[in-house]
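> Per the working numbering, residue 168 is the first one in the sequence shown, and the count goes up by one each step.
For every residue, glycine included, the Cβ atom is placed at its ideal position computed from N, Cα and C.
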Amino acid sequence: KISKIWFVPLIFIMLLIIGVIFLGVIPARKAYVSGQEFFQTAKNLASQLKSQNLEEAKIILPKTQEQLTKLQKDWENILALKYLPIINKYHQDGAHGLKAAEYGLDTIKISLETIEPYADLLGLKGKSTFVSGSAEDRIQTAVKTLDKMTPRLADIGDKIEKLKQEVDKIDPYRYPENFRGQAVRSRLIEGKNILNDTTGLFLNARPLLEVFPQLLGEPDSKRYLILFQNDKELRPTGGFITAYAIFKIEHGKFLVEKSADIYELDGQITKKTPAPEEILTYHKGVYDFNIRDSNLSPDFYLSMKQFMELYPNKWDFDGIISVDTHVLVEAIKILGEFDIAGRKFSAETDKRCDCPRVIYELEDYATRPVAYVRDTRKDILGSLMYEIIKRALGISPSQYWGRLFQMSISEANQKHILAYMMDEKAQKGIESLNMGGRIAGDLEILGYKDSQNWDYLHINDANMAGAKSNLYVTESVKINYSFESDGSINKDITIDYKNPAPASDCNLETGGLCLNGILRNWFRVYVPVGSQLLEDKGSQSPKDGNAISLKTYDSLGKSVYEGFLTVRPHGSSQVSLKYKLPFKKSGNQLKILIQKQPGTDENEYVISVNGKQKDKFLLTADKQITLSL
Numbered sequence: 168k169i170s171k172i173w174f175v176p177l178i179f180i181m182l183l184i185i186g187v188i189f190l191g192v193i194p195a196r197k198a199y200v201s202g203q204e205f206f207q208t209a210k211n212l213a214s215q216l217k218s219q220n221l222e223e224a225k226i227i228l229p230k231t232q233e234q235l236t237k238l239q240k241d242w243e244n245i246l247a248l249k250y251l252p253i254i255n256k257y258h259q260d261g262a263h264g265l266k267a268a269e270y271g272l273d274t275i276k277i278s279l280e281t282i283e284p285y286a287d288l289l290g291l292k293g294k295s296t297f298v299s300g301s302a303e304d305r306i307q308t309a310v311k312t313l314d315k316m317t318p319r320l321a322d323i324g325d326k327i328e329k330l331k332q333e334v335d336k337i338d339p340y341r342y343p344e345n346f347r348g349q350a351v352r353s354r355l356i357e358g359k360n361i362l363n364d365t366t367g368l369f370l371n372a373r374p375l376l377e378v379f380p381q382l383l384g385e386p387d388s389k390r391y392l393i394l395f396q397n398d399k400e401l402r403p404t405g406g407f408i409t410a411y412a413i414f415k416i417e418h419g420k421f422l423v424e425k426s427a428d429i430y431e432l433d434g435q436i437t438k439k440t441p442a443p444e445e446i447l448t449y450h451k452g453v454y455d456f457n458i459r460d461s462n463l464s465p466d467f468y469l470s471m472k473q474f475m476e477l478y479p480n481k482w483d484f485d486g487i488i489s490v491d492t493h494v495l496v497e498a499i500k501i502l503g504e505f506d507i508a509g510r511k512f513s514a515e516t517d518k519r520c521d522c523p524r525v526i527y528e529l530e531d532y533a534t535r536p537v538a539y540v541r542d543t544r545k546d547i548l549g550s551l552m553y554e555i556i557k558r559a560l561g562i563s564p565s566q567y568w569g570r571l572f573q574m575s576i577s578e579a580n581q582k583h584i585l586a587y588m589m590d591e592k593a594q595k596g597i598e599s600l601n602m603g604g605r606i607a608g609d610l611e612i613l614g615y616k617d618s619q620n621w622d623y624l625h626i627n628d629a630n631m632a633g634a635k636s637n638l639y640v641t642e643s644v645k646i647n648y649s650f651e652s653d654g655s656i657n658k659d660i661t662i663d664y665k666n667p668a669p670a671s672d673c674n675l676e677t678g679g680l681c682l683n684g685i686l687r688n689w690f691r692v693y694v695p696v697g698s699q700l701l702e703d704k705g706s707q708s709p710k711d712g713n714a715i716s717l718k719t720y721d722s723l724g725k726s727v728y729e730g731f732l733t734v735r736p737h738g739s740s741q742v743s744l745k746y747k748l749p750f751k752k753s754g755n756q757l758k759i760l761i762q763k764q765p766g767t768d769e770n771e772y773v774i775s776v777n778g779k780q781k782d783k784f785l786l787t788a789d790k791q792i793t794l795s796l
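#1: What is the DSSP secondary structure of V537, reduced to helix, strand or coil?
#2: Does the distance from the CB of E702 to the CB of K745 come in under 7 Å?
#3: For my contact list, L235 and A268 are in at a C-beta cut-off of 8 Å; report their separation, rounded to the angstrom.
#4: Residues in its own chain within less than 8 Å of E769 by CB, not counting five upstream and five downstream?
#5: Can you give me the Cβ contacts of A372 inside the same chain, cut-off strictly under 6 Å, excluding the 5 residues immediately before and after it?
#6: Determine the direct distance from the alpha carbon of K240 to that of E204, and round the result to whole angstroms.
#7: Let me know if L447 comes out buried or exposed under the rule of 16 or more other beta-carbons within 10 Å of its beta-carbon.
#8: Let's test the definition: count the other Cβ atoms within 10 Å of the Cβ of H737 and tell me whether it reaches 16, buried, or not, exposed.
#9: Compare the beta carbon distance of D622 and G608 with 7 Å and say whether it is the shorter of the two.
#10: Express the C-alpha separation of K747 and L190 in angstroms, rounding to a whole number.
#11: Taking the C-alpha atoms as reference points, what is the distance between Y539 and D628?
#12: By the 10 Å Cβ neighbour count, where 16 or more other Cβ atoms means buried, how is D483 classified, buried or exposed?
#13: Since D466 and I606 should fall inside the 8 Å C-beta cutoff, what is the C-beta to C-beta distance between them, to a whole number of angstroms?
#14: Using 8 Å for Cβ pairs, my map puts I327 next to T366. What's the rounded Cβ distance?
#15: Please report how far the alpha carbon of L699 lies from the alpha carbon of F731, in whole angstroms.
#16: Check the C-beta distance from A579 over to L571 and give it rounded, since I have them as a contact under 8 Å.
#17: In chain order, what residues of the same chain lie with their CB nearer than 7 Å to the CB of P343, ignoring the 5 residues before and after it?
#18: Pick out whichever of R735, A508 and T719 has its Cα sitting closest to the Cα of E729.
#19: Within the segment 607-689, note down every full alpha helix (DSSP H) run reaching 4 residues or more, in order along the chain.
#20: G406: which of A632, K781, Q791 and R341 sits nearest, CA to CA?
#21: Pick helix, strand or coil for T208, following the three-state DSSP scheme.
#22: Touching or not, the segment 389-404 and the segment 757-772, by the rule of three or more beta carbon pairs under 8 Å?
#23: Tell me which same chain residues have a C-beta within less than 6 Å of the C-beta of G679, skipping the five on either side of it?
#24: Starting from the Cα of L362, find the closest Cα among D506, E333 and E528 and give me that residue.
#25: Of the choices I275, D460 and K331, whose alpha-carbon is the least far from that of R319?
#26: Per the DSSP calculation, Y487 is bridged to which residue(s)?
#27: What's the gap between the Cα of K779 and the Cα of P339?
#28: Under a Cβ-count criterion, where at least 16 other Cβ atoms within 10 Å of its own Cβ denotes burial, should V200 be classed as buried or exposed?
#29: Alpha carbon to alpha carbon, how far is V187 from L238?
#30: Near L547, which residues of its chain fall below 8 Å by C-beta distance, leaving aside the five closest residues on each side in sequence?
#31: DSSP state of R691, grouped into three classes?
#32: Give me the Cα-Cα distance between K582 and I488, rounded to the nearest whole angstrom.
#33: Distance check for S218 and Y664, CA to CA, integer angstroms please.
#34: What's the call for D521, buried or exposed, on a 16-neighbour Cβ count within 10 Å?
#35: For E554, which residues of its own chain have a beta-carbon under 7 Å away from its beta-carbon, when the five flanking residues on both sides are left out?
#36: Using CA atoms only, rank isn't needed, just tell me which of F369, K225 and C681 is closest to A670.
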């Protein structure tokens with residue numbers, strides 16, 4: 168009798184165990200094996216894409232898709248996970264993740280099919296369609312077919328949008344913070360954010376990609392004004408505007424119409440405009456508003472608007488593109504040295520300035536006093552830019568173009584290349600890729616927009632008649648957050664400027680090359696609007712050098728703290744300020760956007776909370792930080 172009593176529950180338990188094994192354990196084990204196979208192949212695919220081997224990626228992709236389909240089927244068969252309450256949410260998350268992967272592979276497939284004909288032109292490993300004729304002929308042929316890419320861009324955009332929708336259905340907050348010592352929730356959140364940024368990048372850049380053929384002169388020619396900004400004489404948008412060139416692009420063919428010194432352009436302005444307050448206050452002996460000084464706003468878009476207002480001739484350009492010395496050096500590293508006007512321009516370090524030889528030669532030719540009239544004072548720069556483009560178009564694409572293309576993307580990301588386009592759609596695409604040199608605000612950059620409880624920082628320096636001393640001056644920034652009992656956030660910033668190099672011979676009579684002189688630095692610190700300045704130290708009067716307080720005002724949707732200081736050769740200067748943020752502490756994290764000034768290179772930042780260091784990095788591009796408080 169007792170045995171009969173226990174027999175029924177025992178049978179039930181055994182059936183339950185068998186059911187769990189067949190409905191859960193066995194299918195889960197099968198899905199695990201499928202998952203391992205899929206992730207291994209997907210890793211191989213990612214490796215081939217990273218190495219830009221399109222041909223091998225095309226071979227691996229179908230196998231990856233096949234394994235994903237098998238994994239999706241095996242995942243669906245884990246019925247114990249699929250139908251049991253509570254845990255079925257995790258099964259759904261897995262299904263959404265796999266569906267997102269499916270759309271991702273579809274995106275890769277379409278992208279490979281779209282890019283492959285242009286592989287040779289981009290320096291990628293693949294079967295290019297445009298392999299006959301000169302490099303210039305191949306470019307023109309490719310540009311004429313770019314319009315065929317537009318429908319494919321729509322297909323890619325559709326897949327990316329669907330991928331994003333699947334990922335958005337996954338809730339990271341239903342997962343634990345940690346599991347077996349490994350971070351879980353934070354990694355899911357970070358992964359979603361990265362994916363959102365990446366997909367958003369393409370969706371936002373699509374307007375630019377769609378008009379790309381037109382920008383390259385197909386079907387109608389385009390004219391662009393190229394500005395050279397000398398970052399060794401730093402100005403708000405990247406450097407002193409030294410020279411300019413006018414390029415015409417016709418069906419992908421580059422034609423140089425003119426290259427000249429910026430002073431030549433200023434000489435064409437017959438009606439002089441009085442200099443604005445900033446020039447009168449911080450510059451030396453300048454009373455007119457010259458076009459070479461027009462880039463006073465840290466926002467490249469606004470500075471170029473000002474440039475256009477001062478431009479002395481009819482404005483018939485389709486856009487403005489600016490480059491600095493960093494771009495020249497990186498291009499010469501790839502293309503090799505150039506001989507122009509009896510001078511050798513190379514990327515090798517020149518002991519005379521402890522800088523790339525191309526920089527020394529340009530400065531020596533353009534800046535050193537001579538006993539005769541030099542009509543083409545800085546036109547040699549235009550000649551160098553022309554020769555760089557000529558050599559780039561005249562060589563084998565597969566040998567250099569991939570590196571040149573990647574270099575251009577990297578330089579644009581680091582704000583050494585900036586663009587302003589007259590076409591509204593193209594400008595929107597430029598800004599979405601953060602290539603427009605814009606100050607974040609109404610325009611979202613890396614997730615930041617004004618009126619959010621984000622911290623913000625942009626430090627902007629301008630060399631006002633201080634020779635080419637930015638060639639030697641280094642800048643480092645220390646930031647410390649502290650908190651009051653009511654949650655108020657105080658922020659201390661210390662900016663150190665150091666010039667370790669000896670002074671140059673800046674005597675006009677001796678004809679020395681004046682590279683390193685006294686830096687006269689006009690600086691502005693942009694912070695969240697409504698911030699309250701509590702303390703400041705280090706700013707000097709530009710008239711007599713006496714200590715003065717920072718000037719405070721609002722501009723570009725930010726509060727601005729403005730000042731001036733000098734840095735002597737073999738010397739240093741420091742400015743410090745303390746201010747209260749316009750919002751209070753909320754939670755244990757603070758999001759921060761730090762925007763890099765164009766033309767700067769690897770300024771060091773150290774961030775601390777209550778005196779304890781939390782982060783240290785070299786600022787090479789705009790940076791979004793999530794700081795643990």
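From the atom records:
#1: Position 370 of the sequence shown, counting from 1, holds the residue named residue 537. The predicted model places V537 with a pLDDT of 47, which falls under 50 and marks its position as unreliable; any figure quoted below should be read in that light. In this structure, V537 counts as coil in the three-state DSSP scheme.
#2: Residue 702 sits at position 535 when you count from the first residue of the sequence shown. Residue 745 sits at position 578 when you count from the first residue of the sequence shown. Yes, Cβ-Cβ distance for E702 and K745 is below 7 Å.
#3: Your numbering for residue 235 matches position 68 in the sequence shown. Your numbering for residue 268 matches position 101 in the sequence shown. Rounded, the Cβ-Cβ distance is 6 Å, consistent with contact.
#4: As a working mapping, residue 769 is identified with position 602 in the sequence shown. For E769, where only same-chain residues beyond five positions count, the Cβ hits under 8 Å are L785, L786 and T787.
#5: Start at 1 with the first residue of the sequence shown, and residue 372 comes out as number 205. Excluding residues within five positions, the ones whose Cβ falls inside 6 Å are G596, S599 and L600.
#6: By 1-based counting over the sequence shown, the position of residue 204 is 37. By 1-based counting over the sequence shown, the position of residue 240 is 73. Cα-Cα distance, rounded: 14 Å.
#7: By one-based count along the sequence shown, residue 447 stands at place 280. So L447 counts as exposed.
#8: Residue 737 sits at position 570 when you count from the first residue of the sequence shown. Counting the other CB atoms within 10 Å of its CB gives H737 a total below 16, which places it among the exposed residues.
#9: As a working note, residue 622 is residue 455 in the sequence shown. As a working note, residue 608 is residue 441 in the sequence shown. Not in contact: D622 and G608 (Cβ atoms no closer than 7 Å).
#10: In the sequence shown, residue 190 corresponds to position 23, counting from 1. In the sequence shown, residue 747 corresponds to position 580, counting from 1. Low local confidence applies: a pLDDT of 45 at L190 is under 50, so the model's placement there is unreliable, with the coordinate-based value given in what follows. If I take the Cα positions, the gap works out to 59 Å.
#11: Taking the sequence shown and counting its residues from 1, one reaches residue 539 at position 372. Taking the sequence shown and counting its residues from 1, one reaches residue 628 at position 461. Note that Y539 scores 43 on pLDDT, short of 50, meaning its location in the model is unreliable and no value can be drawn from it.
#12: Within the sequence shown, residue 483 is the residue found at index 316, counting from 1. By the neighbour-count criterion, in which a residue is buried when 16 or more other Cβ atoms sit within 10 angstroms of its Cβ, D483 is exposed.
#13: Walking along the sequence shown from the start, residue 466 turns up at place 299. Walking along the sequence shown from the start, residue 606 turns up at place 439. Between I606 and D466 the Cβ distance is about 5 Å, and since that is below 8 Å, they are a contact.
#14: Within the sequence shown, residue 327 is the residue found at index 160, counting from 1. Within the sequence shown, residue 366 is the residue found at index 199, counting from 1. Confirmed, Cβ separation roughly 5 Å.
#15: What you label residue 699 is simply residue 532 of the sequence shown in a count that begins at 1. What you label residue 731 is simply residue 564 of the sequence shown in a count that begins at 1. Leu is not the amino acid found at residue 699; the sequence shown has Gln there. Taking the straight line joining both Cα atoms gives about 20 Å.
#16: Taking the sequence shown and counting its residues from 1, one reaches residue 579 at position 412. Taking the sequence shown and counting its residues from 1, one reaches residue 571 at position 404. In fact, because the Cβ distance is near 13 Å, the residues do not count as touching under 8 Å.
#17: Numbered from its first residue, the sequence shown carries residue 343 at position 176. Cβ within range, chain order: V351 and R352.
#18: Stepping through the sequence shown from its first residue, residue 729 is reached at position 562. E729 has its Cα closest to that of T719, out of R735, A508 and T719.
#19: none
#20: As a first step, residue 406 must be located in the sequence shown, where it is residue number 239. If we check each option's Cα against that of G406, A632 comes out closest.
#21: Taking the first residue of the sequence shown as 1, we reach residue 208 at position 41. It is helical.
#22: Enough Cβ pairs lie closer than 8 Å, so yes.
#23: To locate residue 679, count along the sequence shown from 1; it is residue 512. Closer than 6 Å at the Cβ level, and outside the excluded window around G679, lie D672.
#24: Mapped onto the sequence shown, residue 362 falls at position 195. Closest by alpha carbon: E333.
#25: Stepping through the sequence shown from its first residue, residue 319 is reached at position 152. Cα-wise, what sits closest to R319 is I275.
#26: Walking along the sequence shown from the start, residue 487 turns up at place 320. According to the sequence as given, residue 487 is Ile; it is not Tyr. Its beta-bridge partners are L392 and Y587.
#27: Along the sequence shown, read from residue 1 onward, the residue named residue 779 stands at position 612. Along the sequence shown, read from residue 1 onward, the residue named residue 339 stands at position 172. Each residue's Cα considered, the two are about 29 Å apart.
#28: Position 33 of the sequence shown holds residue 200. That one is exposed.
#29: By one-based count along the sequence shown, residue 187 stands at place 20. By one-based count along the sequence shown, residue 238 stands at place 71. Low confidence applies here, because V187 scores a pLDDT of 45, under 50, leaving its location unreliable; read the following figure in that light. Each residue's alpha carbon lies about 20 Å from the other.
#30: For the purposes of this step, residue 547 is taken as residue 380 along the sequence shown, with counting starting at 1. Sequence check: residue 547 is Ile here, not Leu. Cβ neighbours of I547 beyond the five flanking positions: I507, A508, R510, L529, Y532 and A533.
#31: On the sequence shown, position 524 is the one that residue 691 refers to. Reduced to three states, the DSSP call for R691 is strand.
#32: For this step, residue 582 is matched to residue 415 along the sequence shown. For this step, residue 488 is matched to residue 321 along the sequence shown. Taking the straight line from one Cα to the other gives about 11 Å.
#33: Here residue 664 refers to the residue found at position 497 of the sequence shown. Here residue 218 refers to the residue found at position 51 of the sequence shown. About 40 Å.
#34: By one-based count along the sequence shown, residue 521 stands at place 354. By the 10 Å Cβ count, D521 comes out exposed.
#35: The sequence position of residue 554 within the sequence shown is 387, counting from 1. Only F505 and I507 meet the Cβ criterion.
#36: Here residue 670 refers to the residue found at position 503 when the sequence shown is read from its first residue. The residue with the shortest Cα to Cα distance from A670 is C681.
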